[in-house]
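Residues -18 to -1, 1 to 844, numbered by mature numbering (1 follows the signal peptide of the UniProt record, and there is no 0), are exactly what the sequence shown covers, in order.
A virtual CB, placed ideally from N, CA and C, is assigned to each residue, including glycine.
Small disclaimer: the values here were computed from a predicted structure and weren't measured.
Heads up, the thing below is written out as structure tokens.
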Amino acid sequence: MKCMKYILVLICLTFCSADFHENLQRVINHFSCDPACTFSHPEISSKTIDDFPICSEICGILVLNSNTDLSSWQLKVLFEHMQTLYGGIVIENTGLTDLSFFTTDTTVFREFDFFCEMYGFYIRNNSLLTDISTLYQFYLWGDENYKECDFRVENNAKLDVQKFYEDNSGLHYLDMRSSGNLRDFGCRGDEITSSNLPLYQNCTFFFGGLKLHNLTDQFDISYLSNVRTIIGSIDIQNTSLKDLSFMKNIELVQINNVGLEERVAFNIQNNGRMTRFALFNLDIAHVWPGSTIANIENLHPDFCFTIEEILQISYLKFVNLHARFCEETGNLAGSILCRFDKLSNLDDNCNKILGDVLIEGGDEKYVSKLGDVWNIFGSLTIRNTNLKSLDFFRMLSYIISLDEDQPLIEISGNGELEAAYFPAIVVSATLLYGRTTTRRCLILQNLISYFLKFQLNQCIRKLNIRLRPYSERPYITHFQMYVFKSTTSPPGPTTQRWFGKEPGDYYYYEGGPELNWKNLPDYFFNEDTETDVISKSEGVDHIVSFVGLFLNLVHFIVLTRKELRESVVFIIILGICFCDILVFLSSITQRYFSNSEERGMYGGYCGTDNQYWMVFMETLSKAIQKFGRLSSTLLAFLVALIRAVTVVFPMSSIVDRLLKVRTGIIIVLASLALCGVRYVQYYWEYSIFKVGIYATNCYESMGSENDDSLRNQEGYIVLVSTVLYLIVTCILLIALFLVRKKRKQLKSDKSDGTSLLIVMMAVSFLLSEIIYSFVFLMDDRDSYTSNRVIIQLVDIFTYISRISLTFNSIFHVFFCFCLSSQYRAVAKRMLRMDKQKTTKVVEQSIISTAARKTETSHQFGY
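Pasting the structure below:
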């Protein structure tokens, strides 16, 4: 009998080993694995670890089982080089308590990449396993057909799968199966039949999407009314459903689309009894940014959308959209809907228009009625008019048409039309479109393609199509389109950008109207150059911040010496130096704590106290920088003003009061208090909050509703200060010129370094502030008429302006050293640069005579 058992075990092991090697060979063939980085043993144990490859990318089916006689620490050492695995993982019948032995990659993503579509990922029958949180850093890749790998967590008596998923957004585990654990999570939405529907009554979370096929008999769909989240696509075909109201409680539909071609995520097809949509809160999200494709096809002939419903799903892209507009409009949120008959009969205050809008010859005097129109539910045709521009469409944001037999936008026969501007068009995945036919010219818009394609048959003028991008990424603001009278003959020599295509053809390249459209000369720089400049200037800004911090710390120590503290000018300079030190320190800390959301997401600490304090420190650093820069600007202006007054009015009693040390202290403290109160009030309204409901959602900071207004105030304060500084400097230079002229008449040879000092200060200050002012004035990205070319320059000059402000602060040190003998003597003594015997610096007395007053002022650097 015992022999028979041994024989059975031997047979079983033989077949298991054969299956293992067969599966491993499929993995090797599929991924073209490097033999040197392939682990071929059927299990991991002390007997096989010597053959485990030392590679960052490994092929193999890693099996940890009851024969694995390695501790968690030994496994961590074994896997320390492995950051990507092609094949499969089996963890079964082990005594492991966690999976912390896996190593994430060294990139910003901090992930373990697992290409498991050829085998799968199985965690089962581990009686002591309680923690699988390491899987938060796993990324499970599917195959080219969107089939995700088989991921099962089964029969782990102490494992709480529900807690694992609730503590993480679960973006990387979109098709998990769990059963027999301490607590399981989710139901399978792709295994529903009319007979098992009652089993789904308490389900709130679906894996595998929602698949309803061939439910044509009597069934109670209300069993699905408790579902809140669907992980996967929605596919409803061949049912007797009349609407989708049973999905009214669904809060999120999540799709895995990384690295793969687009597919239909929302398919409603061949449901002959469906007449209404009745779904108002459909939110379909992707793991990675991308377009959401839907298909609504072959429903009841009366199937229709209300205006409210069509706006709710306006972010979708459609393969087919077999529907019409309902007579019922739904909730319009207070906007005014007008039905289009002809333009002359249209009301003046319409926000939404239902019907095909036609503008033709004779309607030119009525186009002002379209100035407040936001949406057109129908097509737009402009033909045979004398219009020179389309700027009356200043508010038009969306055009939605359900008729596939006519162009969405047609502009033809307008001989005077010079420019077609649609300043408020949002180019995104928000416009609906139907299938491409020979009769239909589509507007295809998504998050990648920032352009419109028009059907223009008769107009031979060159048109500039102006768009407002949805994204903040800098794309071309317009492109030039040339159209021709004939649809068969090639273009003449003036049509510079023709590629052998006829006007009715439908082509686009990488989201643009022609090849390499991103690098067309509409921009001053292409995107690669822009990114490179911004990246390098950010690095330079960080380096000069450290240099500025070091020099200003030395500068601060020199300024605190007794000899310099007895001058009002150097007291104010001391205040400027203090502000500059704050700016440099906060600039360094901001860079250190910045991007905590992205870093936290891939580092696994989003939503923790650590990430909260990172957001807090980043916000505090920004506040200190703004406070320091504004205070420094104000003090620089005041010190120039004091110098101007002392030179222009040397005999005035006000000058005596201004030159007192107490005056300088009051000026510094008052300036710091004034700017401090302003920024405390500004940032007091900031809030740090968690985005989303999951524990691992990241913290973010957000200002008040007056944030833009306060930012604009700051910019204009700096502008006014710059202008006033220029005026005061000019007055001071004129006064110094007159004093110098008087000296020549008196035949005085006394040198005058103050003029050079003031000129150098003015040039340094004005250059730095001019660049900052350009960035402030030109940044109109929130405007409907924003110019993307200018915004590109603003983005490029943002860090350059910061660098110029930093150099201005650094120059203060050198100006003081080179142009003030008193400062230079103190600095040399401190740095032991003076070779002669140190002598006490004699304080210069201030005499109320014009000549002595001027001479005394020449000794100071400011």
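Item	Value
contact_flag[the region 358 to 375, the region 327 to 341] where n(CB pairs < 8 Å) is 3 or more	yes
Endpoints, the beta strand (DSSP E) within which residue 845 is located	A query on residue 845 cannot be resolved here, the shown segment of the chain reaching from -18 to 844 and no further.
Assigned secondary structure, residue 616 (DSSP; H/G/I helix, E/B strand, else coil)	helix
Spatial neighbours of residue 25 in its chain, beta-carbon cut-off 6 Å, leaving aside the 5 residues before and after	45, 47 and 49
Rounded straight-line distance, which links the Cα of residue 399 to that of residue 384	28 Å
For residue 54, the first and last residue of its enclosing alpha helix (DSSP H)	54 to 60
Beta-carbon separation (whole angstroms), residue 531 vs residue 563, contact threshold 8 Å	7 Å
Residue 299, buried or exposed, once every other Cβ within 10 Å from all chains shown has been counted against 16	buried
Status (buried if at least 16 other CB within 10 Å, exposed otherwise) for residue 36	exposed
Spatially closest choice to residue 1 from 282, 38 and 43, by CA coordinates	43
For residue 501, three-class secondary structure by DSSP	Per-residue confidence for residue 501 stands at a pLDDT of 47, beneath the threshold of 50, marking its modelled position as unreliable; no derived number is given.
Contact under 7 Å by Cβ, residue 565 with residue 521	no
Residue 854 in three-state terms, based on DSSP	The structure shown does not extend to residue 854, since the chain is modelled only from -18 through 844, so no value can be given for it.
Residue 621 beta carbon less than 7 Å from that of residue 628	no
Pairwise C-alpha distance: residue 255 and residue 282	5 Å
Nearest candidate by alpha-carbon position, reference residue 556, set 649, 316, 18 and 580	649
Three-state secondary structure assigned by DSSP to residue 668	coil
Contact the region 194 to 211 vs the region 174 to 182: 3+ CB pairs below 8 Å	yes
CB contact flag (residue 366, residue 395, <7 Å)	yes
Straight-line Cα distance separating residue 778 from residue 671	30 Å
Cβ-Cβ distance between residue 246 and residue 277 below 7 Å	yes
Length of the line joining the Cα atoms of residue 170 and residue 393	50 Å
Continuous alpha helix (DSSP H) stretch holding residue 575: start and end	550 to 575
Per-residue burial, residue 662 [other beta carbons within 10 Å of its own, 16 or more giving buried]	exposed
Coil, strand or helix - residue 229 by DSSP	helix
Cross-strand partners of residue 211 (DSSP beta bridge)	187 and 234
Cα-Cα separation between residue 12 and residue 61, rounded to whole angstroms	23 Å
Cβ separation of residue 146 and residue 114, assumed to be a contact under 8 Å, to the nearest whole Å	6 Å
Residue 2 in three-state terms, based on DSSP	helix
8 Å contact criterion, which residue 203 and residue 223 should meet: CB distance rounded	7 Å
Inter-residue spacing [alpha-carbon to alpha-carbon] between residue 208 and residue 227	12 Å
Other residues of its chain near residue 250: CB distance less than 6 Å, five sequence neighbours each side excluded	218 and 278
Per-residue burial, residue 20 [other beta carbons within 10 Å of its own, 16 or more giving buried]	buried
In DSSP terms, what residue 136 is bridged to	106 and 161
Per-residue burial, residue 794 [other beta carbons within 10 Å of its own, 16 or more giving buried]	buried
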